[in-house]
Amino acid sequence: MTRDPGTFFAGVGSDAWAPYREWLDNDGLLVQNYGSFIIRSEGKTMLVDTGLGEAADPSVLKQPPSLLVNMERAGILATDIDLVLFTHLHWDHTGWNTVGAEGAWQLTFPNARYVIQQKELDYWMSPGEKPANGPEFDRVVAPVMAADRLEVVGDDYRASGEVSAVPTPGHTPGHVSFRIASGTESAFILGDSVHKPVQLSEPGWYPGFDLDPVESTRSRRMILDRAERENALLAGGHFEFPSLGYAITVDGKRTFRYVT
């Protein structure tokens, strides 16, 4: 999917992108990826976010949703997943939770526990939010709850000794990122705390759908500062493929360098 850069970030017009054309495609548009990440740690196979799912509108996508196909190419079956970890519960991060049809949704990952922060679930279950998001919630979250596969956790959640939640609220109230640490190396799966690489240079830019822009900006600065201090690998679900890289500072300004 592509997006108009002049409307993606609140109050940031096309002219502001002049120094950042490298982050746009040949048509001057933002490429919007919808990625998920697999972690293997301490004998467990974890999936972070489940992407768009088969109910996504194909007319707005360059390629059909392909999570399960890509997993199989990597030798991973849906039945191999032990934990599904959510950064938050937006539709484009929960789409493959279920497969099937209305009234007969089946869990895509039948052997997994689906893990969400209490603050995030409370937000989506509140009377003011659930009706507005009812169709998607009923398709991708309610069946998980009905099957008693939802695990609700706190801010200090650890999926293993190597994988821990890092609260990054603002995009949604209970949004988290995930830190992976092994020996002297670390990585952060950002979720929607950082939507695009340009935000490493412009952390004050935020999309109009951030619920609390002040808090989301604070979270973004925090996690980027920490990642650069640790020289940590960054994984951005909405970053253009390969979605992985590092925060570096060039001429006094932070930017993003994709892995090669």
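Take 7 as the starting number for the sequence shown in my numbering and just add one per residue. Note that CB positions come from ideal geometry on N, CA and C, so glycine has one too. Here the structure is a predicted model, which means the values were calculated and not measured.
9 Å Cβ cutoff met for residue i and residue j
i: Q112; j: P70; result: no
i: D216; j: G176; result: yes
i: T174; j: S207; result: no
i: M52; j: V169; result: yes
i: P203; j: T223; result: no
i: Q123; j: A171; result: yes
For residue j and residue i, the rounded distance between their alpha carbons
i: V90; j: P25; result: 38 Å
i: L250; j: S42; result: 12 Å
i: Q38; j: W29; result: 11 Å
i: T13; j: L95; result: 23 Å
i: P248; j: Y264; result: 8 Å
i: D55; j: F92; result: 5 Å
i: N237; j: G17; result: 31 Å
i: F194; j: A107; result: 34 Å
i: G57; j: G189; result: 30 Å
i: D79; j: S72; result: One detail in the question is off: residue 79 reads as Arg in this sequence, not Asp. Straight-line Cα distance between these residues: approximately 11 Å.
i: V105; j: Q205; result: 34 Å
i: A187; j: L196; result: 14 Å
i: Y129; j: D161; result: 15 Å
i: S20; j: F184; result: 32 Å
i: I229; j: E191; result: 16 Å
i: Y163; j: N32; result: 42 Å
i: G109; j: D198; result: 30 Å
i: G134; j: S225; result: 25 Å
i: A22; j: G49; result: 47 Å
i: S132; j: P11; result: 32 Å
i: D218; j: F143; result: 21 Å
i: N117; j: V220; result: 38 Å
Given residue i as reference, the closest of the options once Cα atoms are compared
i: D98; options: G12, R145 and P133; result: R145
i: L268; options: P213, M131 and E142; result: The chain is shown only over 7 to 266; residue 268 falls outside these bounds and no answer can be derived.
i: R119; options: T85, V182 and W130; result: T85
i: E126; options: D21, D218, P179 and A110; result: P179
i: S47; options: G197, L239 and S166; result: S166
i: Y252; options: L240, E246, G258 and P219; result: L240
i: V200; options: E191, V182, I186 and S192; result: V182
i: L156; options: V121, S132 and F184; result: V121
i: I254; options: H244, T266, A233 and N32; result: A233
i: T8; options: K259, F245, T266 and G109; result: F245
i: F115; options: L74, V256, F143 and D231; result: L74
Residue i Cβ short of 8 Å to the ligand ADP heavy atom set
i: D10; result: In terms of ligand content, the structure shown is empty, and the ligand ADP therefore cannot be addressed.
CB-CB length for residue i against residue j, believed under 8 Å
i: T100; j: V159; result: Actually they do not touch by this definition, with Cβ atoms about 16 Å apart.
i: G59; j: W102; result: 5 Å
i: I45; j: I82; result: Incorrect: roughly 11 Å between the Cβ atoms, too far for contact.
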